[in-house]
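Protein chains in written order, with our numbering: chain A, 1 to 388; chain C, 389 to 637.
This is the structure we're talking about:
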């Protein structure tokens, strides 16, 4: 009988495709918007993920998120190093600087200055060149997306707006009137600001930056072996008065800032809610109408000895089949869109939570419309089959 | 103990719908007896209570008052669930509009009553195929109902009604959606398929052309069975009424 119930669903082509379209579209909107939201949020703490060596991040107490650099006095580094339990502590510079490109155009870049000695903070995945190039004078490392897009150079220098090629190793930029030579190209995670990131040494970075008494953006800390990270975090904060975060906490602090201080969650939330409402409006209504259309057959079945639970089982099966197919198609299309569009164009990250949330929404839509449909089936008077 | 002679016994059966000003007395003391192996036609003007009466006999509605025995059971005394099970085991239905599921084959349509009762699928389909052969639709098993003529669809409906082997067959205007010749064939088929088994067939009809298939005709008017006649008597009464009407004009 289950086969017949499924054939009834598939056989009403117009309504079946309507239900499928509604559920797929709702899933697509919910999953895609949620994935882009998660993708955007994960980009806000890309720097933290690119620096896995640090157990703790030390910042100015007023700093609200990773990109909100509030420079500290350089003496802060010594104060942190003096705290018991600190294995090593290295400086990190981070700031937006204007780069003059070989073509003469200017581009804002995110400059990250890493510890001169250890080079901790340089991305691990080098595509061209080697991390050690930073030991050469005036050298910088850029990342692949920036090299291909914002830092790309015109193939014909006489036609700056013409076709472009990726900027290459050996080419020179100017940062604050100072020469910077590209010595390597690294693969990094996309950042929220979506400007090219330039890696260089800390001392070179503060040379690129405008003169400032305070140049220390952050301090990366590694605990001695066996030390409790949380205890060390509390100790550094207590003894220095600075803000200290574990990488996880720093990432969440950053996400929380974007969630609470911007309209991003509301905008994405509205899109997700609209997706849900589209599902309810189209798929729910279609499924309900489908049941209404089949009510005379359910009535005949009831007359022929089908118990109400048996009929409800068939309605539930039809709802479940439509739900699974709609969810599958929606998630499939979402994944294809996410995979097809390059990461620098679309912030897309589908964590396991998103299909679960989409599934919950689809289940709600299907269950709600099935319950409405079931109500009609339960109330169905089998004697109505004799009324023409 | 011997098998009772009558399969259906109605004694002073009443049925009312609604309350207050909207109250309708559909049945006002129906008395009727139908014997095993008999085909009884219920005839009468629209609104006389035919549909209400077969609904009560088939266990779709409950009587308000009176005594009722259908195949030795009073279906009105059963709970809703028990009545549903009782219907599935004892009653076959042939509807005016066939009520065949258009999205599935006629073989599956015929098997529906068995499958609803969780009968093994293979066996249900085998029995359905056998019934389709009996109603002359062998070789058309995979056809959708919408591809068949009205007469053929009603044949499928007959097969579906008989697939569970019911002892009571209830037919609601089985020929009203068919042309005269097809209606005759359909009734002949019902008669043929039900004659051998000791089935009881109740046919609600307005179609005088099929009276002769019935063993007896129960005439209803205003919620009561006014009298029971033979088909010949019923046709003669009808002819006399027509003649009176013509003379009055």
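Cβ coordinates follow ideal geometry from the N, Cα and C atoms, glycine included. Computed from a predicted model, the values in this text were never measured in an experiment.
Can you tell me whether residue i is helix, strand or coil according to DSSP?
| i | result |
| --- | --- |
| residue 322 of chain A | helix |
| residue 539 of chain C | helix |
| residue 107 of chain A | strand |
| residue 159 of chain A | coil |
| residue 154 of chain A | strand |
| residue 149 of chain A | coil |
| residue 455 of chain C | strand |
| residue 394 of chain C | strand |
| residue 489 of chain C | coil |
| residue 217 of chain A | coil |
| residue 228 of chain A | coil |
| residue 504 of chain C | helix |
| residue 551 of chain C | coil |
| residue 447 of chain C | coil |
| residue 630 of chain C | helix |
| residue 126 of chain A | strand |
| residue 143 of chain A | strand |
| residue 468 of chain C | helix |
| residue 369 of chain A | helix |
| residue 212 of chain A | coil |
| residue 523 of chain C | coil |
| residue 565 of chain C | coil |
Tell me the DSSP bridge mates of residue i?
| i | result |
| --- | --- |
| residue 189 of chain A | In the DSSP output, where bridge partners are listed per residue, residue 189 of chain A has none listed. |
| residue 18 of chain A | For residue 18 of chain A, which the question treats as bridged, DSSP gives no partner whatsoever. |
| residue 173 of chain A | A:180 |
| residue 427 of chain C | C:589 |
| residue 607 of chain C | C:431 and C:615 |
| residue 345 of chain A | Looking at the DSSP assignment, residue 345 of chain A forms no beta bridge with any residue, so it has no partner. |
| residue 165 of chain A | A:153 |
| residue 197 of chain A | A:110 |
| residue 559 of chain C | C:482 and C:591 |
| residue 405 of chain C | C:412 |
| residue 639 of chain C | The requested residue 639 of chain C is not part of the displayed model; chain C covers only 389 to 637. |
| residue 461 of chain C | C:458 |
For a contact defined as C-beta to C-beta under 7 Å, what are the partners of residue i on chain B?
| i | result |
| --- | --- |
| residue 296 of chain A | Looking for chain B here will not work: the only protein chains present are A and C. |
For residue i and residue j, which I take to be in contact (beta-carbon distance under 8 Å), what is that distance rounded to the nearest angstrom?
| i | j | result |
| --- | --- | --- |
| residue 601 of chain C | residue 575 of chain C | 4 Å |
| residue 597 of chain C | residue 428 of chain C | About 17 Å separates the two Cβ atoms, so there is no contact after all. |
| residue 97 of chain A | residue 272 of chain A | In fact, because the Cβ distance is near 37 Å, the residues do not count as touching under 8 Å. |
| residue 147 of chain A | residue 164 of chain A | Rounded, the Cβ-Cβ distance is 11 Å, inconsistent with contact. |
| residue 562 of chain C | residue 478 of chain C | So it is not a contact: roughly 19 Å between Cβ atoms. |
| residue 18 of chain A | residue 286 of chain A | 4 Å |
| residue 1 of chain A | residue 504 of chain C | 6 Å |
| residue 391 of chain A | residue 169 of chain A | Missing from the structure shown is residue 391 of chain A; chain A here goes from 1 to 388 and no further. |
| residue 390 of chain A | residue 117 of chain A | It is not possible to answer for residue 390 of chain A, since the shown part of chain A is limited to 1 through 388. |
Within the 7 Å Cβ cut-off, does residue i reach chain C?
| i | result |
| --- | --- |
| residue 164 of chain A | no |
| residue 386 of chain A | yes |
| residue 7 of chain A | yes |
| residue 305 of chain A | yes |
| residue 383 of chain A | yes |
| residue 301 of chain A | yes |
| residue 338 of chain A | no |
| residue 363 of chain A | no |
| residue 4 of chain A | yes |
| residue 1 of chain A | yes |
| residue 11 of chain A | yes |
Using a C-beta cutoff of 7 Å, does residue i count as contacting chain A?
| i | result |
| --- | --- |
| residue 448 of chain C | yes |
| residue 482 of chain C | no |
| residue 501 of chain C | yes |
| residue 470 of chain C | no |
| residue 542 of chain C | no |
| residue 491 of chain C | yes |
| residue 443 of chain C | yes |
| residue 439 of chain C | yes |
| residue 389 of chain C | Because the pLDDT at residue 389 of chain C is just 44, under 50, the model does not fix this residue reliably, and the value given afterwards should be weighed accordingly. It does not; no Cβ of chain A falls within 7 Å. |
| residue 504 of chain C | yes |
| residue 560 of chain C | yes |
| residue 580 of chain C | no |
| residue 611 of chain C | no |
| residue 475 of chain C | yes |
Would you check whether the ligand ZN has a heavy atom nearer than 6 Å to the C-beta of residue i?
| i | result |
| --- | --- |
| residue 491 of chain C | With respect to the ligand ZN, the structure offers nothing, as it holds no ligand at all. |
Whole beta strand (DSSP E) elements within the segment 260-317 of chain A, 3-residue minimum: none
Whole runs of the alpha helix (DSSP H) within the segment 44-121 of chain A, excluding any shorter than 4 residues: 46-49 and 75-81
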